[in-house]
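Asks: Residue numbers (this note's numbering): 9 to 140. Just so you know, even glycine gets a beta-carbon here, dropped at the ideal spot from N, CA and C. One structure is given below, represented as structure tokens, and several questions about it will come after.
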């Protein structure tokens, strides 16, 4: 009687549920880690752009040409995600959040792009804390 296939299926349902939960938790953790890494990457890219611009070449025309060329080369090498607009967002990200250790890993790049639109630093910090 214990060899009944229906009984065996029921017996492992708890095991399947437990493993399924573990897989889902792991997938969520991977998404959080990837997101945090991407936010840090975009901050670093922004820092490099700002530092390049501050080498005495801050004219707007120079900046436009650099971002356009940078976008073309990065897009060719790595694919989507490196438009001129997104590179500008990365530059602004570094400018408005200059302390890397102060970044909130719970926030996604989409959160930070939204926060970049807020000019008032106190308001931006308030919204950042509320979003967490």
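(1) Can you tell me whether DSSP reads residue 113 as helix, strand or coil?
(2) Enumerate in chain order the residues of its own chain whose CB-to-CB distance from residue 91 is below 8 Å, with the five nearest sequence positions on each side excluded.
(3) So, using beta-carbon positions, are residue 57 and residue 74 closer together than 9 Å?
(4) Whose C-beta lies closer than 7 Å to the C-beta of residue 114 among residues of the same chain, with five residues either side of it excluded?
(5) Do residue 102 and residue 55 have their beta-carbon atoms positioned less than 9 Å apart in this structure?
(6) Would DSSP call residue 128 helix, strand or coil?
(7) From residue 37 to residue 31, what distance separates their C-alpha atoms?
(8) Determine the contact status of residue 50 and residue 97, defining contact as a CB-CB distance below 9 Å.
(9) Just to confirm before moving on: does the CB-CB distance between residue 48 and residue 108 stay below 9 Å?
(10) For residue 116 and residue 45, what's the separation of their Cα atoms in angstroms?
Replies: To lay it out plainly:
(1) coil
(2) 79, 83
(3) yes
(4) 140
(5) yes
(6) coil
(7) 10 Å
(8) yes
(9) yes
(10) 10 Å
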